[in-house]
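Presented below is the structure to which this report refers.
Here it is as structure tokens:
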């Protein structure tokens, strides 16, 4: 992962799906490339806008790998790695950082009520 914090215009990318609800890899690549070519300094993938929690770990990894294989700069990508299962969040974060992305966004636990700040920090 980049040691420099991303700055500038960072667009929360949508995630296109086929009618069978699989990730539309080609459309995804075209969309993110368009964002970066038209004034965005970076793109946030698989966040809440991008339906990240609707995708499996494998689908998110495949989506990221597709973008990187298409020549998009890893440093210009921020990856939403939040997941309901802690091992999934860890795996996604490790995979994204190993690819050299500009950063990751990890959701704190949101499905339990009244979590103290210490618990969120430790997560």
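Residue numbers (my numbering): -3 to 119.
We put the CB at the ideal spot given by N, CA and C, even for glycine.
As the structure is a computational prediction, the values presented were derived from the model and not from experiment.
**OP:** With a threshold of 16 other CB atoms inside 10 Å of the CB of residue 96, please say whether the residue is buried or exposed.
**Re:** exposed
Original post:
Which of the three DSSP states, helix, strand or coil, is assigned to residue 190?
Top reply: Since the first and last residues shown for the chain are -3 and 119, residue 190 lies out of range.
Original post:
Taking just the CA atoms, how far does residue 25 sit from residue 71?
Top reply: 16 Å
**OP:** Provide the residue span of the beta strand (DSSP E) that contains residue 7, from first to last.
**Re:** 6 to 8
**OP:** May I have the straight-line CA-CA distance separating residue 43 from residue 114, to the nearest angstrom?
**Re:** 24 Å
Subject >> Ranges of the alpha helix (DSSP H) found wholly within the stretch 42 to 71, counting only runs of at least 4 >> reply: 53 to 65
Original post:
For residue 77 versus residue 101, is the C-beta spacing smaller than 8 Å?
Top reply: yes
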